[in-house]
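Worksheet for the structure shown next.
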Amino acid sequence: MNFEHILEHHLIDKILIGPWFVYHGMWYGDDPIGLTRNMVMMTIVAVVLTAMLLFAAHGRGRAALLLRTGLEAVILYIRDVIVHPIFHERTDAYLPYFLTLFMFLFLCNILGLIPFATTVTGNVAVTGALAFCTFMFIQYAGIREQGLFSYIKHLAPSGMPAWVLIIMYPIEILGMGVKCVALTIRLFANMIAGHIVSLAFLSLIFIFAEMVKWLGLAVSPVAVGLALFVYLLDVLVSVLQAYIFTMLTALFVGAAVHPH
Amino acid sequence: MDAIGLGYIGIGLGAGICLYGAAAGIGKLASAALEGGARQPEAIGPLQTMMIIPAAMIEGLGLLALVIALLAVLSLNKGVPVAGGGAPAAVEHAQ
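Dropping the structure here:
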């Protein structure tokens, strides 16, 4: 038993249960391709999200009313604090994307904390795909709102001499890519760090137990208490990172839509 | 002392210095927000909203440095006999 073994077992995406879920005939070099835990978890999150929102929207009775009130607080917060101050009159056109993004990220992060469930956003490919969606959405929103030529012209700030503009355009285009990469890494690292620290504290028990047998037993209340504290911090970080991702996406899209 | 031990020391120092920079930045930001809230208690709401975004961005940078340090440690472990056997899949298919 090794810390690296534990990390690799818990945090790296693997094909589910052996040869049953492998897509026979599809290979990535030497490795087989198959149904992985992240795919199943994303489907579960999508089903839970759809069921919860449909129940809140169309349900009758006390439970649906409670859920509707709670969700309405979140949705009104996103609309009035994140989306409306940025896209003043075009709020209704862009609100569904940001609501979807926030609810998906929030549920992914929170459901990843349940034991035996994988954190989908703890994989750099998933967060990279979300940041790629942000990148494409920036281009699409900018070109739709301003037209192609005006969007390209407004990439760099106006009112500068020509030689500064020659440097500014590559920097602005690079900056767009770098901002999306930063979005990827921020979400991925926050989610993975919580899990790694929890696993590290719980591995303290086994490290002490290898030296002296009863030391493992003695250190387990401390280790479990520390892991619980980091777990609670992880709950806070999950909510916060979903909010930050949505907020930064709204900022970047707003900068493309209204360049001033 | 083997030269590879210096690699581990370097990674530890690098991660520590990056964390110091991130914590200093966020501490300065938090102190400015608290001071503004103490001067003008009715501005606490907007200040809190504005404080979260730079805090998350600075924390993103700090965690980026930690991810790089973790990758460096995992790839340094390839050339060292690690107690209990290393995890080769963790290094080759890292994330």
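Protein chains in written order, with the numbering used here: chain A, 1 to 260; chain B, 1001 to 1095. Cβ coordinates follow ideal geometry from the N, Cα and C atoms, glycine included.
So which residues on chain C does residue i lean against when the C-beta distance must stay under 9 Å?
| i | result |
| --- | --- |
| residue 1034 of chain B | Among the protein chains in the structure shown, which are A and B, there is no chain C. |
Quick one: does residue i have its CB under 7 Å from some CB of chain B?
| i | result |
| --- | --- |
| residue 265 of chain A | No answer is possible for residue 265 of chain A: it lies beyond the span of chain A, which begins at 1 and ends at 260. |
| residue 60 of chain A | no |
| residue 82 of chain A | no |
| residue 114 of chain A | no |
| residue 256 of chain A | no |
| residue 250 of chain A | no |
| residue 244 of chain A | yes |
| residue 63 of chain A | no |
| residue 253 of chain A | no |
Please name the residue, chosen from the options, that lies closest to residue i on a Cα-to-Cα basis.
| i | options | result |
| --- | --- | --- |
| residue 188 of chain A | A/4, A/11, A/20, A/95 | A/11 |
| residue 1058 of chain B | B/1035, B/1072, B/1040, B/1030 | B/1030 |
| residue 1014 of chain B | B/1079, B/1071, B/1065, B/1080 | B/1065 |
| residue 238 of chain A | A/93, A/43, A/165, A/110 | A/110 |
| residue 97 of chain A | A/160, A/130, A/88 | A/130 |
| residue 206 of chain A | A/9, A/197, A/217 | A/217 |
| residue 220 of chain A | A/230, A/208, A/231 | A/208 |
| residue 114 of chain A | A/136, A/27, A/41, A/9 | A/41 |
| residue 1068 of chain B | A/215, A/91, A/192, A/150 | A/192 |
| residue 73 of chain A | A/60, A/56, A/61 | A/56 |
Hey, would you say residue i sits closer than 7 Å to residue j, going by beta carbons?
| i | j | result |
| --- | --- | --- |
| residue 186 of chain A | residue 1060 of chain B | yes |
| residue 1017 of chain B | residue 1055 of chain B | no |
| residue 108 of chain A | residue 121 of chain A | yes |
| residue 13 of chain A | residue 123 of chain A | yes |
| residue 158 of chain A | residue 6 of chain A | no |
| residue 1074 of chain B | residue 190 of chain A | no |
| residue 247 of chain A | residue 138 of chain A | no |
| residue 245 of chain A | residue 53 of chain A | no |
| residue 45 of chain A | residue 34 of chain A | no |
| residue 227 of chain A | residue 142 of chain A | no |
| residue 156 of chain A | residue 172 of chain A | yes |
| residue 1019 of chain B | residue 1033 of chain B | no |
| residue 1007 of chain B | residue 1076 of chain B | yes |
| residue 180 of chain A | residue 119 of chain A | no |
| residue 231 of chain A | residue 198 of chain A | yes |
| residue 259 of chain A | residue 154 of chain A | yes |
| residue 201 of chain A | residue 223 of chain A | yes |
List, in order along the chain, the chain B residues whose C-beta lies closer than 7 Å to that of residue i?
| i | result |
| --- | --- |
| residue 193 of chain A | 1063, 1066 |
| residue 247 of chain A | 1053 |
| residue 129 of chain A | Those within 7 Å of residue 129 of chain A in chain B number zero; the least Cβ separation is about 14 Å. |
| residue 182 of chain A | 1060 |
| residue 172 of chain A | Those do not exist, as residue 172 of chain A stays about 19 Å from chain B at its closest Cβ, beyond 7 Å. |
Determine, for residue i, whether the minimum Cβ-Cβ distance to residues of chain A falls below 7 Å.
| i | result |
| --- | --- |
| residue 1005 of chain B | no |
| residue 1060 of chain B | yes |
| residue 1079 of chain B | no |
| residue 1092 of chain B | With a pLDDT of 45 at residue 1092 of chain B, under the threshold of 50, the modelled position of that residue is not reliable, and the figure given next carries that caveat. Closer than 7 Å: no. |
| residue 1002 of chain B | no |
| residue 1095 of chain B | With a pLDDT of only 46 at residue 1095 of chain B, under the threshold of 50, the placement of this residue in the model should not be trusted, and no figure is reported. |
How would you list, in chain order, the residues of chain A whose beta-carbon sits under 8 Å from the beta-carbon of residue i?
| i | result |
| --- | --- |
| residue 1026 of chain B | Chain A residues near residue 1026 of chain B: none, gap ~13 Å exceeds 8 Å. |
Strictly below 8 Å CB to CB, what residues from chain B border residue i?
| i | result |
| --- | --- |
| residue 240 of chain A | 1052, 1056 |
| residue 89 of chain A | In chain order: nothing, as chain B lies at least about 22 Å away. |
Please list the partners that residue i has in chain B, where partner means a Cβ-to-Cβ separation under 9 Å.
| i | result |
| --- | --- |
| residue 186 of chain A | 1056, 1057, 1059, 1060, 1061, 1063, 1064 |
Could you round the C-beta distance between residue i and residue j to whole angstroms and report it? I think they count as a contact, below 8 Å.
| i | j | result |
| --- | --- | --- |
| residue 103 of chain A | residue 49 of chain A | 6 Å |
| residue 99 of chain A | residue 78 of chain A | 6 Å |
| residue 250 of chain A | residue 86 of chain A | 5 Å |
| residue 1079 of chain B | residue 1004 of chain B | 6 Å |
| residue 194 of chain A | residue 234 of chain A | 4 Å |
| residue 94 of chain A | residue 253 of chain A | 7 Å |
Looking at residue i and the ligand SAM, is the gap between the Cβ and the nearest heavy atom below 6 Å?
| i | result |
| --- | --- |
| residue 1003 of chain B | Of ligands this structure carries none, so the ligand SAM is not represented either. |
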